[in-house]
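Numbering (UniProt numbering), first residue to last: 1 to 885.
Note that beta-carbon positions come from the ideal geometry of N, C-alpha and C, so glycine has one too.
All figures in this text were calculated on a predicted structure; none of them were measured in a lab.
Notes follow the structure.
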Amino acid sequence: MASSSTSSVPKTSFKYDVFLSFRGEDVRKTFVDHLYHALKRESIETYKDDKNLKKGKQISKELMEAIEESRFHVIVFSKNYASSSWCLNELVKIMECQMTKTGQTFYPIFYDVEPTHVRKQSGEFGEAFSELKNDEAANGWRKALVEATSLCGWNLSTIADGHEDSGQCVVSSLNAVPNEVFMIGIWGMGGGGKTTLARAVFDQICNEFEGSSFVENVRESSTSPLLGLKLLQQQVLRDVFKRQDIFINGVLEGKKEMKKKMHGIKVLVVLDDVDHINQLKALAGERNWFKKGSVIIITTRDEQVLRSHDVELIQVNLLSNEEALSLFYMNAFRTEIPIQEYEELSREVVSYAAGLPLTITVLSSHLRGRSTRGWKGVLKSLKRMPKKEVVDILELSYTSLEDDIKEIFLDIACMRLDHSIDQLVILLEICGHFEARCGLDVLKEKSLITISNDDERVVMHDQIVEMGKNIVRRPHRKEPHKHSHLWEQQEIEHILANNLVRITFIRKGTEATECIEYFYWELSSELFMKGLRKMKKLRYLLAYTESGDEYCFSGDWKFDEVTEYIPNSLQHLLWMYYPFSSLPKTFQANNLVMLAMPESEIVQLWEEGEKKILKKLKYLNLWNSKLKTLDLGMTPNLTMLGLLGCRDLVELLFPLHCLELIFIDLSHTKLRILELRRTPLLSELRLEGCDDLVEIRIPFICPYLTMLYLGCCKLKSLDLQGAPNLESLKILCDDLTELHIPGAKLRTFDLALTPNLKRLRLTKCSHLVELQAPEDLGLLECLEELILSACTVLRDIPNSICKMKRLEWLYLRDCVAVEKLPEELGRLKCLKELNIIGTNIRHLPQSIFEMKGLRIVGFRRLLESFGFTSEIQTLEDETVCYVEL
1 MASSSTSSVP KTSFKYDVFL SFRGEDVRKT FVDHLYHALK RESIETYKDD
51 KNLKKGKQIS KELMEAIEES RFHVIVFSKN YASSSWCLNE LVKIMECQMT
101 KTGQTFYPIF YDVEPTHVRK QSGEFGEAFS ELKNDEAANG WRKALVEATS
151 LCGWNLSTIA DGHEDSGQCV VSSLNAVPNE VFMIGIWGMG GGGKTTLARA
201 VFDQICNEFE GSSFVENVRE SSTSPLLGLK LLQQQVLRDV FKRQDIFING
251 VLEGKKEMKK KMHGIKVLVV LDDVDHINQL KALAGERNWF KKGSVIIITT
301 RDEQVLRSHD VELIQVNLLS NEEALSLFYM NAFRTEIPIQ EYEELSREVV
351 SYAAGLPLTI TVLSSHLRGR STRGWKGVLK SLKRMPKKEV VDILELSYTS
401 LEDDIKEIFL DIACMRLDHS IDQLVILLEI CGHFEARCGL DVLKEKSLIT
451 ISNDDERVVM HDQIVEMGKN IVRRPHRKEP HKHSHLWEQQ EIEHILANNL
501 VRITFIRKGT EATECIEYFY WELSSELFMK GLRKMKKLRY LLAYTESGDE
551 YCFSGDWKFD EVTEYIPNSL QHLLWMYYPF SSLPKTFQAN NLVMLAMPES
601 EIVQLWEEGE KKILKKLKYL NLWNSKLKTL DLGMTPNLTM LGLLGCRDLV
651 ELLFPLHCLE LIFIDLSHTK LRILELRRTP LLSELRLEGC DDLVEIRIPF
701 ICPYLTMLYL GCCKLKSLDL QGAPNLESLK ILCDDLTELH IPGAKLRTFD
751 LALTPNLKRL RLTKCSHLVE LQAPEDLGLL ECLEELILSA CTVLRDIPNS
801 ICKMKRLEWL YLRDCVAVEK LPEELGRLKC LKELNIIGTN IRHLPQSIFE
851 MKGLRIVGFR RLLESFGFTS EIQTLEDETV CYVEL
C-alpha cells in the first residue's frame, strides 16, 4: 500500500497539524464545524476540504499532498461516510501514510455510528456501503475500514462521559428561545459529569456568539483571598472582549462594568461549580445585563441556587450500565473492546462505580497497565476505603452542609435507611431530627440523595454512602468503639464481646447512648434488660432476638414490679422476636412514636391489661404476634396499624373517632366482625385470609379509601357505599352473595373472585372499563341480578354472561358507551328484565326475540327502531317505555 510519493523516513515538520476527513452532508454544519473552530482557537493548523462533493472517484493532487503533509489525521465516520467513494479513497490514502511510519498519527471518531458497524460494514453504515460494494476498489476500502477501526478512537455516544443525550437536551433548550437572554442550570451530584457536559456544549456553540468565557471552579475561586469574585468578573470581561487591560477594583464596580459593557454584545458565559447565590449575582446578576440572544450556563450541585435565580434546570443523570462500560473501556484500554481476561473485572469495577463518571475515570487511571492480580487488589481495597480523588470531590457537598443536616446525611449513609420519603421523615424525627423533611430537601438540592419516581423512595448513590462512612471512620480509624455509627459485623461482634451493651450509633458517642442496633445474642434476657435500663437517653432501639437452641435469650425471666427496664426516652422501638407477653408496667412510653414487635410473644400491650394512652404513637406493627385483643382507644393518633398474621386476635375495639388512621392490615386474623368507626383518612384496608370474618360494617363514609382487599372470608353481604374513591378491590370469598359498590373508581371487576354471588350492583362506577367473567359453566350459576347502571366508560358486555343460567335482571341504564349485546343473550331463559335506557345500542341479537316473558326497557324511539310498536307500554313518562316479549 506504500505510495511512491511518500518517504519512509519520519518527517520532522508538517504543513498542517490536522487533516479532517468527513462526509460533508452528515457533519459539515454540525460537529466538524465546531471541531474545526475549536482547533483553530488553540492555534492548531487544520486542513478541512470545504469544496463541493466531487463526482469522480479520484481525489485531487492537492488533497493527496494535504494528507501527506498533515501530522494528525482525524476521520469522522458517520452513517453515510461509506456512500462516498471520495471519502473512502481519502481513508485508503490516510492508511497508506500510517503504514509508512512517517511520524503521522491517525484518530477515528465515530459520530452517531458504532465502531463495529464500520468494521463489519453492517447496520446503517453497511447500507450506505452497499451502493459501492461491487466497485473494483471495494476490497481495498474494506481493508482500510478494518484497519481504521482497529486503532484507538472516540465514540461520540460516550465521549462526553455518556451525557450525549443531555448535551443535545441543553442545545435544544437554547434553540427554543433564540431571541431572549437564556440562563440554564446543569445540576447533579459531584463527579456526575456536569463540567464535561458544559464544556461540550460550550465548544459546540461558542462560535455563534460575539464573545465567550468559560469560568472554571467558581466556588473555589470566589473564596480565595488571592482571587475572589472581582477577579472572576475581570476574567469574564477579558475573555469576552479579548482584552487584557481590563481591571476591576471591587465586586460592586464589577457589576456596574459588566452591565455596562455586556449589554451591547451577544455572549456565551459558562459559570462552572457555583455554590452560592452571591456568585450568580456578581457574575450574571440580571438578564438585562446581557444582549438578547446571550446564553448563560451554570453548573452546580445545589438545585436551590438555581431556583433562587430563576434559571431553567437540567439535571445530569448517572450513566447506564452500558454507558459506564463504554466510558471505562475507553479510559482503561483506549478502545471500546476490552481484553477478554479483564472483561469480568471491568464489570465489577463499573458495578462499584454505579454510574458515576468521576469514579470511572479515576479508577481507570489507577488500573491502566496493571495485571489482573493488581486489579483484584485495588477492588478489594475499594471495599474498605474509596480512592482519595473521588472522596475529596464528593465530600465538598458534605462540608457545605449545616451541622444538623450533616447528622441527617450520616444517619442515612451509615444506617442505610432505605424507605419512602414519608417513612424516612418519621424515622429521622424519631432520632431527634425534627426538621427532617427540610433536611431531606437540602440533601436533594445538594445532589446527595435522589427520590425515585416510581415509589418515592430515598436513594443514596453507593459512592456517596462510602463517602459518608469514610467521614465517620476517619477520626478514629482503628478504634471502632468510638465511631458514631457501626455497620461492620466483625466490629460489632468485637464490641459486644468486650463491652456488651455500650453500642452507640448517633451523635454523642459513648457519653450518652441514643441508638442501638443489636443482632447477635449471647447474653441472657436479664443482662440485656438490665443494660437497657441504664440508658436514660436511648431514643432508638432496633433488636432481633430470635430464640432457638443456639440462643439463651428467652422470656423465662420476669420483670419485677418497680424497676424501669425500657427507658421512657424511647421514640422508636423495633424489637423482632420480643420474648415477653407484654410491655413492662414501668415503661411509660410517653415519647414512643413507632412500636414494632413482629414475630413476638406479646399477648397484650400492657401487663394485667392496663390501659396507658400512647398519645404520640403513630405506627404500630405487631405482625405474626400472639396478640389476642387490642383497644385502639389507647392510640388516639395512630396512622398505621399492622396486625397481619395475628392468628389469636379475636377482638379489635375502635373508639368513636380514629381521625388519623390511614392504613389497616388485619389479614389472617380470627376477627368475626369488623366495625369501622369514623376513619376519615383511611385509604387502605387489608382483610385477606380472615376465614372467620362474617360481617363488615362501615357506617361512616371513608372518602379516601382506595384499596380494599378481602380474601377467604365468610362474608355474605358487602355494601361499600362509604368508599366512593375505591380504586382497587381484591375479593376471594366463596360465601359472598350480595355486593354493592356505588360510585367507586374501580377500572376492572373480576366476577370469578365471587363465584356464588347472587346480586351485584356496580352503579355510577364511571371509571369501570372492563367486567371480567369466566367461561367456566360451573361458576356464576347463582347470579340473579347484575346492575351496571351509569358505568359510563364500560363498552363491552362479556359473552360469558350468556351462561349465567339464573340471571333475571340485567340493567345497563346510562351505560352510554355500550353499543351491542352478546349474540347468544337469548340463552338466558330466566331473564325477566333487560334495561337499555341511555345506552348506544342500535341492534338487538336475534336470539332475544325467541325469549318469552322478557321485558325490555328503553326509550320509545329506540324500541320503535327495533320494530316494536303496539306492544310498547309507558313507564315513568312518555319517553321511557317497555315492551314485553
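From R347 to N568, what does the alpha carbon distance come to, in whole angstroms?
The residue given as residue 347 occupies position 347 in the sequence shown. The residue given as residue 568 occupies position 568 in the sequence shown. Whole-angstrom Cα-Cα distance: 50 Å.
Terminal residues of the continuous alpha helix (DSSP H) containing Y342?
Working through the sequence shown from its first residue, we reach residue 342 at position 342. It is not in any alpha helix (DSSP H) - Y342 carries neither H nor E in the DSSP assignment.
Nearest-angstrom Cα distance between A436 and I426?
Taking the first residue of the sequence shown as 1, we reach residue 436 at position 436. Taking the first residue of the sequence shown as 1, we reach residue 426 at position 426. Straight-line spacing of the CA atoms in A436 and I426 works out to 8 Å.
Mind checking whether L443 and I449 have CB atoms under 8 Å apart?
In the sequence shown, counting from the first residue as 1, residue 443 sits at position 443. In the sequence shown, counting from the first residue as 1, residue 449 sits at position 449. Going by C-beta atoms, L443 is nearer than 8 Å to I449.
At which residues does the beta strand (DSSP E) containing Q721 begin and terminate?
If you number the sequence shown from 1, residue 721 lands on position 721. Per DSSP, Q721 belongs to no beta strand (DSSP E) and is neither H nor E.
Apart from the five residues on each side of it in sequence, which residues of its chain come closer than 8 Å, Cβ to Cβ, to S83?
Start at 1 with the first residue of the sequence shown, and residue 83 comes out as number 83. The residues are R23, A128, F129, E131, L132.
Using the three-state DSSP reduction, which class does M804 fall into: helix, strand or coil?
Sequence index remark: in the sequence shown, residue 804 carries index 804 (1-based). Note: M804 maps to coil in three-state DSSP.
Out of Q721, D734, P724, which one is the CA nearest neighbour of L693?
As a first step, residue 693 is located in the sequence shown; it is residue number 693 there, counting from the start. For L693, the nearest C-alpha among the options comes from D734.
Check this for me: beta carbons of L271 and I314, under 8 Å apart or not?
Position 271 of the sequence shown, counting from 1, holds the residue named residue 271. Position 314 of the sequence shown, counting from 1, holds the residue named residue 314. Not closer than 8 Å, so no.
DSSP on D549, reduced to helix/strand/coil?
Stepping through the sequence shown from its first residue, residue 549 is reached at position 549. With a pLDDT of only 43 at D549, under 50, the local geometry of the prediction cannot be trusted, and the value read off the model is given with reservation. Here D549 sits in coil by DSSP.
Just verifying my parser: in three-state terms, what is the DSSP assignment at V181?
Here the question's residue 181 lines up with position 181 in the sequence shown. V181: coil per DSSP, three-state reduction.
Mapping DSSP to helix, strand and coil, what is Y540?
Position 540 of the sequence shown holds residue 540. Strand at Y540.
Helix or strand or just coil, what does DSSP make of V472?
Working through the sequence shown from its first residue, we reach residue 472 at position 472. Correct three-state label for V472: helix.
Identify, in the order they occur along the chain, each residue of the same chain with its Cβ nearer than 6 Å to the Cβ of S447, setting aside the five sequence neighbours on each side.
The count along the sequence shown starts at 1 and reaches residue 447 at position 447. Here the set comprises G188, M189, R301.
Using DSSP bridges, identify the partner residues of W187.
Against the sequence shown, residue 187 aligns to sequence position 187. According to DSSP, which records beta bridges pairwise, W187 is partnered with T300, Q315.
Expressed to the nearest angstrom, what Euclidean distance is found between the alpha-carbon atoms of H767 and A817?
Along the sequence shown, one-based indexing puts residue 767 at 767. Along the sequence shown, one-based indexing puts residue 817 at 817. Taking the straight line from one Cα to the other gives about 12 Å.
Would you mind reading off the limits of the alpha helix (DSSP H) that contains G645?
Indexing the sequence shown from 1 puts residue 645 at position 645. Unbroken run through G645: none, as it is neither H nor E.
With distance defined between alpha-carbon atoms, name the residue in P755, L753, P774, E785 nearest to E762.
Start at 1 with the first residue of the sequence shown, and residue 762 comes out as number 762. A small correction: the amino acid at residue 762 is Leu; Glu does not occupy that position in the sequence shown. Nearest C-alpha to L762: E785.
List the DSSP bridge partners of G211.
Locating residue 211 in the sequence shown gives position 211, where the first residue counts as 1. In DSSP, G211 forms a bridge with V267.
Determine the burial state of E407: buried for a count of at least 16 other Cβ atoms within 10 Å of its Cβ, exposed for fewer.
Reading the sequence shown from its first residue, position 407 is the one you call residue 407. Its Cβ being crowded by 16 or more others within 10 Å, E407 is buried.
What is the DSSP secondary structure of I741, counted as helix, strand or coil?
Mapped onto the sequence shown, residue 741 falls at position 741. I741: coil per DSSP, three-state reduction.
So, helix, strand or coil for W606, using DSSP?
Looking up residue 606 in the sequence shown gives position 606. DSSP places W606 in strand when its eight states are reduced to three.
Could you give the distance in angstroms between the alpha-carbon of L35 and the alpha-carbon of D203?
Taking the sequence shown and counting its residues from 1, the one referred to as residue 35 is at position 35. Taking the sequence shown and counting its residues from 1, the one referred to as residue 203 is at position 203. Spanning the two alpha carbons is a distance of roughly 8 Å.
Take the Cβ of T149 as the centre, count every other Cβ of all protein chains shown within 10 Å, and call the residue buried at 16 or more, exposed below.
Position 149 of the sequence shown holds residue 149. With 16 or more Cβ atoms within 10 Å of its Cβ, T149 is classed as buried.
Can you tell me which of the three DSSP states G509 falls into?
Locating residue 509 in the sequence shown gives position 509, counting from the first residue. Caution applies to G509, whose pLDDT of 32 falls short of 50 and renders its modelled position unreliable; the model cannot decide the point.
Would you decide whether N179 is buried or exposed? Buried here means 16 or more other CB atoms lie within 10 Å of its CB.
As a position in the sequence shown, residue 179 is number 179, starting the count at 1. With fewer than 16 other Cβ atoms within 10 Å, it is exposed.
Quick one: what does DSSP say residue 937 is sitting in, helix, strand or coil?
Past the edges of the chain, shown from 1 to 885, lies residue 937, and the structure says nothing about it.
So is D665 buried or exposed if we call it buried at 16+ other beta carbons inside 10 Å?
Here residue 665 corresponds to residue number 665 of the sequence shown, with the count starting at 1. Around the Cβ of D665, a 10 Å sphere holds 16 or more other Cβ atoms; the residue is buried.
List the endpoints of the continuous alpha helix (DSSP H) containing C97.
Taking the first residue of the sequence shown as position 1, residue 97 is located at position 97. From DSSP, the alpha helix (DSSP H) with C97 extends over 85–99.
Consult DSSP for E675 and reduce its assignment to one of helix, strand or coil.
Position 675 of the sequence shown, counted from the start, is the residue given in the question as residue 675. Correct three-state label for E675: strand.
Comparing alpha-carbon positions, which option in E395, L440, M529 lies nearest Q463?
Along the sequence shown, read from residue 1 onward, the residue named residue 463 stands at position 463. With distances taken between Cα atoms, Q463 lies closest to E395.
Throw me the rounded Cβ distance for the L197 and I186 pair, which I believe falls under 8 Å.
Counting from 1 along the sequence shown, the entry for residue 197 is found at position 197. Counting from 1 along the sequence shown, the entry for residue 186 is found at position 186. About 6 Å separates the two Cβ atoms, so the contact holds.
Is C881 helix, strand or coil by DSSP?
Here the question's residue 881 lines up with position 881 in the sequence shown. Note: C881 maps to strand in three-state DSSP.
According to the Cβ coordinates, are F106 and F77 closer than 8 Å?
Translated into positions along the sequence shown, residue 106 becomes position 106. Translated into positions along the sequence shown, residue 77 becomes position 77. Their beta carbons are not under 8 Å apart, which means F106 does not touch F77 by this criterion.
From N52 to W86, what does the alpha carbon distance come to, in whole angstroms?
The residue given as residue 52 occupies position 52 in the sequence shown. The residue given as residue 86 occupies position 86 in the sequence shown. With a pLDDT of only 37 at N52, under 50, the local geometry of the prediction cannot be trusted, and the value read off the model is given with reservation. Each residue's alpha carbon lies about 11 Å from the other.
Hey, out of A752, D135, L729, whose CA is closest to K745's CA?
As a position in the sequence shown, residue 745 is number 745, starting the count at 1. Among A752, D135, L729, the Cα nearest to that of K745 is on L729.
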